[in-house]
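> Let me begin by handing over the structure; questions about it come next.
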Amino acid sequence: MIYHVLPGDAQIDAFKQTGLEGNVIICREALMHGPIDATDLEQFWNERARYIVAEYGEDEIAYHDNVARQLADLQDVESGDEVNLWFEYELFCSVNMWFCLYLLKDTGATVFRVEPLGRDVEERWNGFGGFGAEEMRAAFTLRTHLSSEQIALGAELWDAYRLKNYPSLKRLTDKCDTDCFPYLREVAAAAAEQDIHPFEVVKEIIGGIGSRKLEDVFPEFKKRAGVYGYGDLQVQHLIDQLSS
15 MIYHVLPGDA QIDAFKQTGL EGNVIICREA LMHGPIDATD LEQFWNERAR YIVAEYGEDE
75 IAYHDNVARQ LADLQDVESG DEVNLWFEYE LFCSVNMWFC LYLLKDTGAT VFRVEPLGRD
135 VEERWNGFGG FGAEEMRAAF TLRTHLSSEQ IALGAELWDA YRLKNYPSLK RLTDKCDTDC
195 FPYLREVAAA AAEQDIHPFE VVKEIIGGIG SRKLEDVFPE FKKRAGVYGY GDLQVQHLID
255 QLSS
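In my numbering, the protein residues as written are 15 to 258.
The structure is reproduced here in structure tokens:
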């Protein structure tokens, strides 16, 4: 079996037009926010469901059906199956990819990382945004095979991140193969400041432009702190914190 794990619903239409064969799994999680340090996966999914309900008002059953079940399918992958992880570089996507590697580490599957190649360094945090079928096919053609050691490293990155063990996260970056985890040092440094820095950036932007409107703050936030991969919901949440 062939699997393609897409980083979100935004990539579905372009992917369908590529003609690539395989089962599609959509990663609809945002694991850099909320509880992630459960002792087992059943508790993990239940805690995530309760968090999503409390934070966004969504239905807990819908979360299990549309989010958890998609990623949980990775646990059923078998030796000899092929899994293509279509993930971007920023912290938001990196954390989700580390979790996927954690789920895959004992499956024996053949794993590839598909990256948003072809962008200038200044646009590296834009990921697959704006990619059409042609660009996605080109990215797939240049995908990177992950060795068992690299998959294990991804699982270690997940464990370090979920436990907020940032010194360990930094140590892991020092032995990382940049071919499969580009920009990891920047991402790890951002992770260590995640609880403070994004808020400070938003505060500084609002102080400078004199506006709390999302349409004014969000573009500037992306310029200054694109490494976090925050969407408009996350930036609006930071704006709301300043207003409370």
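Backbone N, C-alpha and C fix where the C-beta goes; we use that ideal spot for every residue, glycine too.
Report the start-end ranges of each alpha helix (DSSP H) in the region 32–61 that is 4 residues or longer and not cut off at the edges.
If we require 4 residues or more, the region 32–61 turns out to have no alpha helix (DSSP H) run fully inside it.
> State the start and end residues of the unbroken beta strand (DSSP E) segment that holds residue 127.
Stepping through the sequence shown from its first residue, residue 127 is reached at position 113. That run of the beta strand (DSSP E) goes 124–128.
> Please say whether residue 118 and residue 39 have beta carbons closer to each other than 8 Å?
In the sequence shown, residue 39 corresponds to position 25, counting from 1. In the sequence shown, residue 118 corresponds to position 104, counting from 1. Result no, Cβ atoms of residue 39 and residue 118 do not sit closer than 8 Å.
> Under the assumption that residue 194 contacts residue 110 (Cβ atoms under 8 Å), give the Cβ distance between them as a whole number of angstroms.
Numbered from 1 along the sequence shown, position 180 holds the residue referred to as residue 194. Numbered from 1 along the sequence shown, position 96 holds the residue referred to as residue 110. With a Cβ gap of about 15 Å, residue 194 and residue 110 do not count as contacting.
> Near residue 205, what residues of its chain come up, given a Cβ to Cβ distance below 7 Å and the 5 sequence neighbours on each side ignored?
Along the sequence shown, one-based indexing puts residue 205 at 191. So the list reads 105, 175, 180 and 183, once near-sequence residues are dropped.
> Which whole-angstrom value is the C-beta distance of residue 135 and residue 17, which I expect to be below 8 Å?
Counted from its first residue, the sequence shown places residue 135 at position 121. Counted from its first residue, the sequence shown places residue 17 at position 3. The pair is not a contact, with the Cβ atoms about 30 Å apart (cut-off 8 Å).
> Starting from the Cα of residue 63, find the closest Cα among 74, 53 and 231 and give me that residue.
Residue mapping note: residue 63 aligns to position 49 of the sequence shown, counting from 1. Per the Cα distances, 74.
> Taking 6 Å as the limit between beta carbons, can you name the residues of its chain near residue 202, skipping five residues before and five after?
Your numbering for residue 202 matches position 188 in the sequence shown. Contacts found: 183, 184 and 187.
> Less than 8 Å separating the beta-carbons of residue 142 and residue 102?
Taking the sequence shown and counting its residues from 1, the one referred to as residue 142 is at position 128. Taking the sequence shown and counting its residues from 1, the one referred to as residue 102 is at position 88. It is a contact, given that the beta carbons lie within the stated cut-off.
> DSSP three-state label for residue 88, please.
The residue given as residue 88 occupies position 74 in the sequence shown. Here residue 88 sits in helix by DSSP.
> With residue 160 and residue 127 assumed to form a contact (beta carbons below 8 Å), what rounded beta-carbon distance in angstroms separates them?
What you label residue 160 is simply residue 146 of the sequence shown in a count that begins at 1. What you label residue 127 is simply residue 113 of the sequence shown in a count that begins at 1. Right, their Cβ atoms sit about 6 Å apart.
> Starting from the Cα of residue 100, find the closest Cα among 69, 66 and 145 and give me that residue.
As a position in the sequence shown, residue 100 is number 86, starting the count at 1. Measuring from the Cα of residue 100, the nearest candidate turns out to be 145.
> Is the beta carbon of residue 24 closer than 8 Å to that of residue 147?
In the sequence shown, the residue the question calls residue 147 occupies position 133. In the sequence shown, the residue the question calls residue 24 occupies position 10. Contact flag unset, no.
> Have a look at residue 210 and residue 244 and give me their C-alpha separation to the nearest angstrom.
The residue given as residue 210 occupies position 196 in the sequence shown. The residue given as residue 244 occupies position 230 in the sequence shown. C-alpha separation (whole angstroms): 14 Å.
> Which same chain residues end up closer than 8 Å to residue 228 when comparing Cβ atoms and leaving out the 5 residues on each side of it in sequence?
The sequence position of residue 228 within the sequence shown is 214, counting from 1. Contacts found: 246, 249, 250 and 253.
> Let me know the secondary structure DSSP gives residue 26 once reduced to three states.
Within the sequence shown, numbered from 1, the residue matching residue 26 stands at position 12. If DSSP states are grouped into helix, strand and coil, residue 26 belongs with the helices.
> Between the beta-carbon of residue 51 and the beta-carbon of residue 177, is there less than 8 Å?
Within the sequence shown, numbered from 1, the residue matching residue 51 stands at position 37. Within the sequence shown, numbered from 1, the residue matching residue 177 stands at position 163. Yes, Cβ-Cβ distance for residue 51 and residue 177 is below 8 Å.
> Could you check what DSSP says for residue 4 in three-state terms: helix, strand or coil?
Residue numbering for the chain in the displayed model covers 15 to 258; residue 4 lies beyond these limits and cannot be assessed.
> Which residues in the same chain have their Cβ closer than 7 Å to the Cβ of residue 81, if we skip the five residues on either side of it in sequence?
To locate residue 81, count along the sequence shown from 1; it is residue 67. Result list for residue 81: 42 and 43, in chain order.
> So which of 164, 156 and 133 has the shortest CA-CA distance to residue 123?
One-based indexing of the sequence shown puts residue 123 at position 109. When each option's Cα is compared against that of residue 123, the closest is 164.
> Let me check one thing: in DSSP terms, what residues is residue 99 bridge-paired to?
Position 85 of the sequence shown, counting from 1, holds the residue named residue 99. The partner list for residue 99 (beta bridge, DSSP) reads 19 and 127.
> Which stretch, first to last residue, makes up the beta strand (DSSP E) that contains residue 121?
Locating residue 121 in the sequence shown gives position 107, counting from the first residue. Where residue 121 is concerned, there is no enclosing beta strand (DSSP E), given that its DSSP letter is neither H nor E.
> Look up residue 159 in the DSSP assignment and give the residues it is bridged to.
In the sequence shown, residue 159 corresponds to position 145, counting from 1. Paired residues: 126.
> Please confirm whether residue 78 and residue 59 have their CB atoms less than 8 Å apart.
What you label residue 78 is simply residue 64 of the sequence shown in a count that begins at 1. What you label residue 59 is simply residue 45 of the sequence shown in a count that begins at 1. Going by C-beta atoms, residue 78 is nearer than 8 Å to residue 59.
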